[in-house]
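Trainee:
Residue numbers (my numbering): 29 to 263.
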């Protein structure tokens, strides 16, 4: 099991957005390359790898924001009791981000970072870079771009509810629209290095193109993905 603690007041809070790995409800675009059961199993490994890597990042405290609302028992059974769990709330991604930031700052966090659970090999150093940009006062918004036009991480040192209004969340211009919104709000933005997420079969093939061994981030996801892909190709 993986251990972490709730943020002390004034600390950086990292919120990981996560879904319960239910077949047919997660990573559906990995099918038919993988069965729904295999896709859900792989996503479950993504979650484990993400949390393991994030616990190595200094000076942050971790919260898992889960969906659906009924998923709390699932995560409670698999994580140690000192991992703080909170349900995601909101009709779309923008509302869920806004409410998660509001909740995080209400806990007394000095800065709040939110990251995905679709990038199992994302190195902790990028989260450290985001935290340090705020610690040095060099940004009022940090975004981690992903190749699909969205972002794998967003961070703020203060609540900015207007930032997430008017964004086409299902489109390929989420990052561009968010940056334009930030400019209108006068928020100086810092972009982290791009990093891919794994949503489609093509993404999975790209992930498998670079071998990963222990203790590099995502190595267990890499090994499991190879096994599952191999099994799906056998009669």
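From the three backbone atoms N, C-alpha and C, an ideal C-beta is built for every residue, glycine too.
Which residue's Cα is closest to the Cα of residue 136: 253, 47 and 186?
Mentor: Stepping through the chain shown from its first residue, residue 136 is reached at position 108. With distances taken between Cα atoms, residue 136 lies closest to 186.
Trainee: For residue 241, which three-state DSSP category applies?
Mentor: Your numbering for residue 241 matches position 213 in the chain shown. Coil.
Trainee: For the region 96-151, list the beta strand (DSSP E) runs that are entirely contained and at least 3 residues long, ordered along the chain.
Mentor: 112-115 and 139-143
Trainee: Residue 147 and residue 225: beta carbons closer than 8 Å?
Mentor: As a first step, residue 147 is located in the chain shown; it is residue number 119 there, counting from the start. As a first step, residue 225 is located in the chain shown; it is residue number 197 there, counting from the start. Yes, these two residues count as a Cβ contact at 8 Å.
Trainee: Check the C-beta distance from residue 203 over to residue 178 and give it rounded, since I have them as a contact under 8 Å.
Mentor: Residue 203 sits at position 175 when you count from the first residue of the chain shown. Residue 178 sits at position 150 when you count from the first residue of the chain shown. Right, the Cβ-Cβ distance comes to about 6 Å (below 8 Å), so this counts as a contact.
Trainee: Provide the residue(s) that pair with residue 40 in DSSP beta bridges, ordered along the chain.
Mentor: For the purposes of this step, residue 40 is taken as the residue at position 12 of the chain shown. 88 and 139.
Trainee: Using DSSP bridges, identify the partner residues of residue 218.
Mentor: Position 190 of the chain shown, counted from the start, is the residue given in the question as residue 218. For residue 218, which the question treats as bridged, DSSP gives the partners 170.
Trainee: Output the boundary residues of the beta strand (DSSP E) element that contains residue 246.
Mentor: The residue given as residue 246 occupies position 218 in the chain shown. DSSP places residue 246 outside any beta strand (DSSP E), giving it a letter other than H or E.
Trainee: One question on the structure: do residue 73 and residue 252 come within less than 8 Å of each other, judged by their Cβ atoms?
Mentor: Reading the chain shown from its first residue, position 45 is the one you call residue 73. Reading the chain shown from its first residue, position 224 is the one you call residue 252. Result yes, Cβ atoms of residue 73 and residue 252 sit closer than 8 Å.
Trainee: How many Å lie between residue 154 and residue 139 at the Cα?
Mentor: Along the chain shown, one-based indexing puts residue 154 at 126. Along the chain shown, one-based indexing puts residue 139 at 111. Separation of residue 154 and residue 139 (C-alpha to C-alpha, rounded to the nearest whole angstrom) is 15 Å.
Trainee: Take the Cβ of residue 213 as the centre, count every other Cβ of all protein chains shown within 10 Å, and call the residue buried at 16 or more, exposed below.
Mentor: In the chain shown, counting from the first residue as 1, residue 213 sits at position 185. That one is exposed.
Trainee: Can you tell which of 215, 152 and 256 has its C-alpha closest to the C-alpha of residue 233?
Mentor: Taking the chain shown and counting its residues from 1, the one referred to as residue 233 is at position 205. Considering only alpha carbons, the answer is 256.
Trainee: Please look up how many angstroms separate the CB atoms of residue 182 and residue 125, rounded, as I've assumed it's under 8 Å.
Mentor: Mapped onto the chain shown, residue 182 falls at position 154. Mapped onto the chain shown, residue 125 falls at position 97. Confirmed, Cβ separation roughly 7 Å.
Trainee: On the CB-based measure, 16 or more other CB atoms within 10 Å of its CB, does residue 29 come out buried or exposed?
Mentor: By one-based count along the chain shown, residue 29 stands at place 1. Its pLDDT being 46, under 50, residue 29 is placed unreliably in this model, and the value from its coordinates should be taken loosely. It is exposed - the Cβ of residue 29 has fewer than 16 other Cβ atoms within 10 Å.
Trainee: Taking residue 259 as the reference, give the member of 169, 57, 66 and 40 with the closest Cα.
Mentor: What you label residue 259 is simply residue 231 of the chain shown in a count that begins at 1. Checked all of 169, 57, 66 and 40; the closest Cα to residue 259 is 66.
Trainee: Hey, out of 43, 115, 81 and 245, whose CA is closest to residue 97's CA?
Mentor: For the purposes of this step, residue 97 is taken as residue 69 along the chain shown, with counting starting at 1. Looking at the Cα atoms, 115 is the closest of the given residues.
Trainee: Where residue 149 and residue 211 are concerned, what is the direct C-alpha to C-alpha distance, given to the nearest angstrom?
Mentor: Taking the chain shown and counting its residues from 1, one reaches residue 149 at position 121. Taking the chain shown and counting its residues from 1, one reaches residue 211 at position 183. A straight-line Cα-Cα distance of about 30 Å links residue 149 and residue 211.
Trainee: Just to confirm before moving on: does the CB-CB distance between residue 16 and residue 248 stay below 8 Å?
Mentor: In the structure as shown, the chain starts at 29 and stops at 263, and residue 16 therefore has no counterpart that could be examined.
Trainee: Which one of 254, 250 and 245 has the shortest CA to CA distance from residue 78?
Mentor: Walking along the chain shown from the start, residue 78 turns up at place 50. Nearest of 254, 250 and 245 to residue 78, Cα basis: 245.
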